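Written below as structure tokens is the structure these notes are about.
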Amino acid sequence: MKKILSILMLSFTLLLSFSMVAFAGDISVNVNGQPLAFQEKPIVKNGRTLVPMREIFEVLGAELNWDAGTKTITAKKDGTEIKMQIGSKDITIGNETKTLDVEPQIINGRTMVPVRAISEALGTKVVYNEKNQ
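In terms of this note's numbering, the sequence shown is residues 1274 to 1406.
So this is what it looks like as structure tokens:
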């Protein structure tokens, strides 16, 4: 499965990429050249694409845990653990904490996470398709 998911291609068509949230139906996220169909459409906030948490972790083969009380996301794959909290720009990967450009958030009842940060944290190659933006 690791070989299958070794390349994650992201293609974006960005309508708005300023500090406001852009709800753009044209944003496309592809894994191995195949577009993913999310139940909640990806959005762009501060130039970063956010996608539904559960769907992206599942397609990348990660085990996911959601703590509703603390609004904490924990995901594990191949010995790597990722932790994030709604409203916080901190992401912990293993024992290292980094700062995200945009925090995970709940939009329309769905937890949305930054796709590039998640993919890279899980060791998946990310490609931005400049032609399609």
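All residues carry an ideal CB built from backbone N, CA and C; glycine is no exception.
Predicted, not measured: the structure shown is a model, and the values here were computed from it.
Contact criterion: CB-CB distance below 8 Å. Does threonine 1384 meet it with respect to chain D?
Protein chains in the displayed structure number just one, and chain D is not present.
Within the continuous beta strand (DSSP E) that includes valine 1332, where are the two ends?
For this step, residue 1332 is matched to residue 59 along the sequence shown. Element bounds for valine 1332: not the beta strand (DSSP E) but the alpha helix (DSSP H), 1326-1332.
Within 10 Å of its beta-carbon, does threonine 1372 have 16 or more other beta-carbons around it, so buried, or fewer, so exposed?
To locate residue 1372, count along the sequence shown from 1; it is residue 99. The residue in question, threonine 1372, is exposed, as its Cβ has fewer than 16 Cβ neighbours within 10 Å.
Is isoleucine 1316 helix, strand or coil when you go by DSSP?
Here residue 1316 is taken as the residue at index 43 of the sequence shown, counted from 1. Residue state, collapsed to three classes: strand.
May I have the straight-line CA-CA distance separating isoleucine 1359 from lysine 1398, to the nearest angstrom?
The count along the sequence shown starts at 1 and reaches residue 1359 at position 86. The count along the sequence shown starts at 1 and reaches residue 1398 at position 125. C-alpha separation (whole angstroms): 25 Å.
So is isoleucine 1379 buried or exposed if we call it buried at 16+ other beta carbons inside 10 Å?
If you number the sequence shown from 1, residue 1379 lands on position 106. With fewer than 16 other Cβ atoms within 10 Å, it is exposed.
Let me check one thing: in DSSP terms, what residues is asparagine 1338 bridge-paired to?
The sequence position of residue 1338 within the sequence shown is 65, counting from 1. DSSP output for asparagine 1338 lists Thr1347 as bridge partner(s).
By the 10 Å Cβ neighbour count, where 16 or more other Cβ atoms means buried, how is lysine 1276 classified, buried or exposed?
Residue mapping note: residue 1276 aligns to position 3 of the sequence shown, counting from 1. Because the pLDDT of lysine 1276 is 43, which lies under 50, any placement of that residue in the model is unreliable, and the number read from its coordinates should be weighed accordingly. Result: exposed.
Please report the distance separating the alpha-carbon of leucine 1309 from that of valine 1302.
Here residue 1309 corresponds to residue number 36 of the sequence shown, with the count starting at 1. Here residue 1302 corresponds to residue number 29 of the sequence shown, with the count starting at 1. Their Cα atoms are separated by approximately 6 Å.
Could you check the C-alpha separation between lysine 1356 and proline 1377 for me, to the nearest Å?
As a position in the sequence shown, residue 1356 is number 83, starting the count at 1. As a position in the sequence shown, residue 1377 is number 104, starting the count at 1. Straight-line Cα distance between these residues: approximately 11 Å.
Are the CB atoms of valine 1332 and valine 1386 nearer to each other than 8 Å?
For this step, residue 1332 is matched to residue 59 along the sequence shown. For this step, residue 1386 is matched to residue 113 along the sequence shown. No, the Cβ-Cβ distance between valine 1332 and valine 1386 is not below 8 Å.
Please state whether DSSP places serine 1392 in a helix, a strand or coil.
As a working note, residue 1392 is residue 119 in the sequence shown. Helix, per DSSP.
Within its chain, find whatever has a CB closer than 8 Å to the CB of aspartate 1363; leave out the 5 residues flanking it on each side and keep chain order.
The sequence position of residue 1363 within the sequence shown is 90, counting from 1. The answer, listed in chain order, is Met1357, Thr1370, Lys1371, Thr1372, Leu1373.
From Lys1344, Ile1346, Arg1383, pick the residue whose C-alpha is nearest to that of phenylalanine 1311; which is it?
As a first step, residue 1311 is located in the sequence shown; it is residue number 38 there, counting from the start. Minimum Cα distance to phenylalanine 1311 is reached at Arg1383.
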